[in-house]
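First residue of the sequence shown: 1, per the UniProt record's numbering; consecutive thereafter.
Glycine included, each C-beta is placed from N, C-alpha and C at the ideal position.
Please read the structure below before turning to the comments.
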Amino acid sequence: MTFFRFLYYVFSRFHQDHCQQRAASLTFTSLLATVPLLAVSFAIFAAFPAYSRLKDKVQSFVFENFVPQVGSSIQGHLSEFTKQTGELTAVGILFLVFTSVMLLVSISNTMDYIWRARRRRNIVSRMLVNWAVITIAPVLFGASMSISSVLFAYAQESGVEAFTGPLTRLTFALPFILQAFGFTALFVILPNTPVRRTDAAIGGLVASFLFELLKRGFGLYVAHFPTYQTIYGALATIPIFLLWMYLSWMVLLASAEMTAALPEWRGGTRRVRKTGLAPLDRLVYALAVLSALKQEQVNGGGLRQYRLLRAAGIGPDALADVAERLEKNRYIARGYKGEWLLVRDLTEVTLYDLFNHLGLGLEAGIPPRQLRKAWTHRFAKVRTGMTEAMQDRMGMTLAELLRAAEPGEDIANDTDESNFSPTEEEVEQDQSSRRARILALLGIGALTAGGS
């Protein structure tokens, strides 16, 4: 039952983030960037003499395994287009690179939105990350293909293939594994926020599995329902390719939403908020963050984001909201390793101070145009009384409020942060369960890939 509730939460997140429209936008951008991206990738292959012979092999592998049924036709057209890019001038080549980078920037912006990243990378950092993806990905892909070719050639020459025949048949799972690795890398690298490697791996495996199902379903549709050929004739490849790219982006964004939802679900979030945090939620979450960092400060350190999420018992979206305000008012700061540190003396700050620093108080002035109205003066007296009462009731310092429970203190539900820290047995069970889920997804995906 919990699994279906989680799926509903992911679907709600997917719908609220308008992922259908984002997939359509990325499809259009991809259509413009496909030829430049291939041209840049093949140029990188040509720069390495060891990979130059792999160019056609890699191209065939990609279109045969990642674009069902119509891959050969699309490959022919794109090959002609990419050959013509060799006649471009330096300005034309720069335009190719720019178009390729713009696709990755669009993907990065979408990932930042899905992960609720409050800060964007600066221009230099963005360009470096995107250029690294464009340049390193073809090299790694070519290296994996080259190593596989060398190993299989060696097996044939040495006669080992006769003994490893059943094992070599497992190479049908290579597309699935490459897809899973690629999706995982995207989920880790592109969002400008820390992403747990385990969450990214689960999202990558789910994305690869859904992609395999999409390939099989799309291949069956193209093979058995050729209505598009009757309508579009010789141009049928174009709408089919567009539909394939759109559905592929839908799979990628749905998997990204699931990956981003995992830490939120662990933090107790069960509903997708259409607006920001409620005032009481913001205050409680801020206190939870300060309490977790205060306890860690005793040990002489800070907390990385994923550990702070667990210690405070909140989701990434809520943490981003309160951390931004707490950092702005110098309660917390980032360490040189990226960890969050408590940097303010909580004995000098009251709950009322925090209340106002979070933007929840009544300190804002009345708009000038309203000052001459009679009700304004009556409201000002009410506000003064409310402020004085709140100062009196919320005058406790944060250090006193967040102190550890004392013996004999009447606490109905123990909310000490240690409750958020799992026992060794729970950690071991959680890791074993996670490994089992990953292996199950890997096995199912490999079988799906093999069946296709």
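Cα-Cα separation between residue i and residue j, rounded to whole angstroms
i, j, result
"F187", "L341", "26 Å"
"Y246", "K337", "39 Å"
"F241", "F211", "15 Å"
"F6", "W115", "17 Å"
"S106", "P367", "40 Å"
"R325", "V272", "21 Å"
"G300", "S12", "40 Å"
"R334", "E327", "8 Å"
"P175", "A404", "53 Å"
"residue 456", "V133", "Since the first and last residues shown for the chain are 1 and 452, residue 456 lies out of range."
"D317", "H15", "17 Å"
"K381", "A374", "12 Å"
"R393", "V349", "14 Å"
"V298", "L362", "34 Å"
"residue 464", "S108", "A question about residue 464 goes unanswered here, because the residues of the chain that appear run from 1 up to 452."
"K294", "Q305", "15 Å"
"Q21", "M390", "46 Å"
"P407", "A180", "51 Å"
"E424", "A117", "In this predicted model, E424 has a pLDDT of only 44, less than 50, meaning its place in the structure is not dependable enough to derive any value."
"H95", "I189", "Looking at the sequence provided, one finds Phe at residue 95 rather than His. Computed Cα separation, rounded: 24 Å."
"residue 541", "T227", "With the chain running from 1 to 452 in the structure shown, residue 541 is simply not present."
"G182", "H224", "31 Å"
"residue 465", "F379", "The structure shown does not extend to residue 465, since the chain spans only 1 to 452, so no value can be given for it."
"S125", "D281", "34 Å"
"R196", "L290", "22 Å"
"R216", "R119", "39 Å"
"T237", "L31", "13 Å"
"I17", "E339", "Strictly speaking, residue 17 in this sequence is Asp, with Ile absent from that position. Their Cα atoms are separated by approximately 28 Å."
"V97", "F218", "31 Å"
"S25", "R372", "51 Å"
"A323", "A201", "26 Å"
Beta-carbon proximity list for residue i, same chain, < 7 Å, skipping 5 on both sides
i, result
"G313", "G267, G268, A288, F420"
"E296", "G302, L303"
"W265", "F6, Y9"
"G276", "D321"
"F355", "L283, G361, M394"
"A292", "L303, L308, A311, A312, E417"
"L401", "L351"
Proximal residues to residue i (C-beta, below 6 Å), its chain only, five neighbours per side dropped
i, result
"D199", "T259, L262"
"L360", "P279"
"N315", "Per the sequence shown, residue 315 should be read as Gly rather than Asn. Answer for G315: E264, G267, T269, listed in chain order."
"L37", "S100"
"T387", "L362"
"T29", "L103, S106"
"M396", "L351"
Where the alpha helix (DSSP H) containing residue i begins and where it ends
i, result
"A374", "374-393"
"W244", "237-266"
"L319", "316-328"
"L401", "398-401"
"L341", "That residue, L341, is in no alpha helix (DSSP H); its beta strand (DSSP E) goes 340-342."
"N356", "351-357"
"V10", "2-16"
Start and end residues, beta strand (DSSP E) containing residue i
i, result
"L293", "Unbroken run through L293 is the alpha helix (DSSP H), 279-298; no beta strand (DSSP E)."
"A333", "332-334"
"L308", "First-last for L308: 305-312, but that is the alpha helix (DSSP H), not the beta strand (DSSP E)."
Residues of its chain near residue i, where Cβ-Cβ distance is below 8 Å and the 5 sequence neighbours each way are ignored
i, result
"Q370", "T376"
"F3", "none"
"M127", "V101"
Check whether residue i and residue j have beta carbons under 7 Å apart
i, j, result
"L104", "N130", "yes"
"T384", "W249", "no"
"P191", "D112", "yes"
"R344", "Y331", "yes"
"L358", "A286", "yes"
"A33", "T99", "yes"
"L319", "L398", "no"
"V251", "L220", "no"
"residue 540", "C19", "Residue 540 cannot be examined here, being either before or after the span of the chain that is shown, 1 to 452."
Heavy atom of the ligand COA within 6 Å of residue i beta-carbon
i, result
"A374", "The ligand COA is not part of the structure shown, which contains no ligands of any sort."
7 Å Cβ cutoff, residue i in contact with chain B
i, result
"L253", "Among the chains in the structure shown there is no chain B, since it carries only a single protein chain."
Q.
So within the segment 174-209, which uninterrupted alpha helix (DSSP H) runs reach at least 4 residues, ignoring any that extend past its ends?
A. 174-189
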